[in-house]
Every structure is written in structure tokens, then in C-alpha cells.
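Residue numbers (this note's numbering): 16 to 398.
Beta carbons: idealized from backbone N, C-alpha and C, even for Gly.
The structure presented is a predicted model; accordingly, all values stated were derived computationally and were not measured.
Data block below; observations after.
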């Protein structure tokens, strides 16, 4: 929790520097920064908020009763802090359900081996048990080089592991995530009946990791699932001696009609430039096979804490600050798109946007997207 509190203090200090009046003295700034750290380290409600989100509400997959419960709970927490405004922003979201637990195994001439799998969010079902041979690839070039008749009617098994030599695990993730996102599309183009993907994790275990996948218009929609890394290693090793082994997969997931949910927004109105905005936020939804603690209950708790910290100040910030809780980041980012659309429609001026969506671990810095001028401006705040 200490690391989580430290992160939100860093974010609050960033907002502070963007918002304090030019007439504020260096001593005033130092005193306010010290206040943020002391207040958060001694009085933060982050542990209680995180406990409620994970243990009382639980997973918050888009369209679920838990996700809607989180919307209303967040709104209540914000209203209790008495900012200048708290409101809901309606947004249409997709609804996908996993259904009963997935089943998978492979079979050789003399052995049947259960596999640990999870359907990817948005996948179609198998409509019973789907059984076929497996072709393993570790790159798009390998898949492209395979004749269609070597892939047709089989599972494509994407087994490109995340690169352990990357200092930042997120960079390794970004280099491997294409297997999950478009793997079913590319496999279907070759006539495959399903896609299996090595879980996107550096961990050596058998806990498969779900995530969002895509389909494309005009391309057959085939089931897609993650394999635990140990299951992936075992399948790969067995294929070397038994290339004709058969893999069986059973998934019962389904996509339902869209529903209307909400982003939750709180606002502190700036005293000098009320029509200029800085945002800090996190996403409400999570996947359905855990509690969504790191992704992104920590971000929700941090963002509520940022509002609480600013409400302890004697004066208002120079610019308006919005604290935004987005719905449906995991399976389409519909909440973020809705907010961006409203900003364009209302012609609002935004100076910066901060999101906490990397867990509650020890902070090492900010990941920045923007033009060189904007990046250099942020670097100027470094110690």
C-alpha cells in the first residue's frame, strides 16, 4: 500500500505544478507537496477502497452486475468528498459472457493430457468439443510460409514467448500481444478452426491469462484461447515427437446485445481557467477470472485518493481537474472513446491526461505519449 500511496502523491504533485498560481512561492509549493505526502501516508483510504472493490464487489467485467455495482459505489465515494460536480456519462458497451469453465486436452496414441486454458474476451464458442491436429508457429513469417493445406482444419498454436531480456516487461508484452489480438484472424485466413496462444506473461505457471481479441469482417470467426505457459511448453515439446496429436477444446462463451453503462466523473473547477482541464483516471471494468486488483482497482483507489488530497487544500487549483472512471477499457475502450467524443463535441481544452493502469507496485516513472514538445515539458518536472 505504501507504494500505491507514493504513486498517487507523485501524480498529485504533477497536477499541483500544472495548477499552482505563478505567484506561489517555492516555499509554498514545498509545503503543499509535503502536505500531500503526509496526508496520504497517514490518512489514505486506499486500503479500504481496494478491499471493497476486490472482496465485496469482485470482478467487474463489462455488462456484469458487479461492474454496475462499482459504478454506483464509486459515485457515492466521490459525492462524499464534495467536489464541485459528480455525474455519470452514459456509454454503450458490448457484453460478453464466458459461460461454464473451459475444457481442453491433447491426445497421443497412448496418452491424454489435460490443458489449462481460458477463452479470450470476445471469442466465439466451440459449439461442443472441437478436436483437430495442431500446427505450431512462433512468428507471422512462419505462418505466412505455411501452405493453406497444412493449416486448414487445424488449430494454430502461437508460441512466441515474451522477451525476458527486456528491462520493461510492458515492452515485452507489446511485442507479443499481436498473437492474441489478431491471431484468430490470421489463422482463419489459412482455414484454421481455432487459435491457441501462449499466455502473455513472464511467469512459469499454469494460470492462463485472458485478454481482448479481435475479429475482422469477412473472415471466419474461430474460437481463440490462452494456454498457461507450462501447458504451452508441454504442448510444444509433445508436438516434436507426436506431430499428429489431436487437441480438443470446449468453450461456451457468448456475445450478447449491447447495453448502456456509465463513466463516472468528478470535477474540481479551476479558479483562474475553469475551461482548461487536466484529467486523472482509471478504468472500472476488469476481466472475470480474478478480482481485478492490479487491473485496475488500484487505479480506481488512487484516483479517488487524488480527489481527496485536493479537497484537503485551502484553495482551489488554477485549472479544472476531472477525475474520470472509464467503463469498458478491457474490451474496446468504449468509455474512453465516449469521453473523447464529448470533449471534441464540446470543444474543450485539455492540457494533460494521467491514467493509473499499471498496478499498485513501486512507481518508477510515467509512460508518456505525445509530441516531442509535450514530452520535454513533462521531463522538465523531473528532480
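Residue i: first and last residue of the uninterrupted beta strand (DSSP E) it sits in
| i | result |
| --- | --- |
| residue 210 | 209-213 |
| residue 273 | 269-283 |
| residue 290 | 288-298 |
| residue 263 | 261-265 |
| residue 242 | 239-242 |
Supposed close pair residue i, residue j - CB separation, criterion 8 Å
| i | j | result |
| --- | --- | --- |
| residue 239 | residue 199 | 4 Å |
| residue 172 | residue 190 | Actually they do not touch by this definition, with Cβ atoms about 18 Å apart. |
| residue 375 | residue 313 | 4 Å |
| residue 299 | residue 89 | 7 Å |
| residue 109 | residue 270 | 7 Å |
| residue 206 | residue 163 | 6 Å |
| residue 226 | residue 195 | 5 Å |
| residue 220 | residue 179 | Residue 220 to residue 179, Cβ: 15 Å. No contact. |
| residue 54 | residue 327 | 6 Å |
Residue j beta carbon less than 8 Å from that of residue i
| i | j | result |
| --- | --- | --- |
| residue 362 | residue 292 | no |
| residue 170 | residue 149 | yes |
| residue 234 | residue 209 | no |
| residue 333 | residue 296 | no |
| residue 350 | residue 341 | yes |
| residue 92 | residue 64 | yes |
| residue 142 | residue 268 | no |
| residue 228 | residue 138 | yes |
| residue 336 | residue 354 | no |
| residue 241 | residue 224 | yes |
| residue 98 | residue 281 | yes |
| residue 86 | residue 94 | no |
| residue 308 | residue 144 | no |
| residue 140 | residue 168 | no |
| residue 357 | residue 104 | yes |
| residue 343 | residue 106 | yes |
| residue 204 | residue 174 | no |
Endpoints, the alpha helix (DSSP H) within which residue i is located
| i | result |
| --- | --- |
| residue 324 | 313-326 |
| residue 80 | 80-95 |
| residue 309 | First-last for residue 309: undefined, no H or E at that position. |
| residue 56 | 41-58 |
| residue 72 | Premise fails: residue 72 is in no alpha helix (DSSP H) and is neither H nor E. |
| residue 62 | 61-66 |
Check: residue i C-beta below 7 Å from any heavy atom of the ligand SAM
| i | result |
| --- | --- |
| residue 118 | What this structure holds is no ligand at all, so the ligand SAM is not there to describe. |
Cutoff 8 Å: residue i Cβ touching any chain D Cβ
| i | result |
| --- | --- |
| residue 389 | Absence of chain D from the displayed structure is noted, only one protein chain being present. |
Is there contact here, the region 120-135 with the region 367-382, by at least three beta-carbon pairs under 8 Å? Not touching, per the Cβ criterion.
Is the region 122-137 touching the region 257-266 in the sense that three or more CB pairs, one from each, lie closer than 8 Å? These segments touch.
For a minimum of 3 consecutive residues, which ranges assigned as the beta strand (DSSP E) are wholly contained in the region 334-395? Whole beta strand (DSSP E) segments, 3+ residues: 334-341, 364-370.
Go through the region 107-192 residue by residue and report every complete run of the alpha helix (DSSP H) that reaches 4 residues or more, in order. Annotation: the region 107-192 contains the following complete segments of the alpha helix (DSSP H) (minimum length 4 residues), in chain order: 155-160, 184-191.
Any contact between the region 317-330 and the region 49-63? By contact I mean 3 or more CB pairs, one from each, below 8 Å. Yes, they touch.
When you compare the region 274-287 with the region 249-257, are there three or more beta-carbon pairs, one atom per stretch, that lie closer than 8 Å? As far as the Cβ criterion goes, the region 274-287 does not touch the region 249-257, which means the pair count is below three.
Using a Cβ distance threshold of 8 Å, determine whether the region 296-303 contacts the region 70-86, with at least three qualifying pairs required. Put simply, the region 296-303 touches the region 70-86. At least three CB pairs are less than 8 Å apart.
For the region 216-224 against the region 171-185, are there 3 or more C-beta pairs whose distance is under 8 Å? By the criterion of at least three beta-carbon pairs nearer than 8 Å, the region 216-224 is in contact with the region 171-185.
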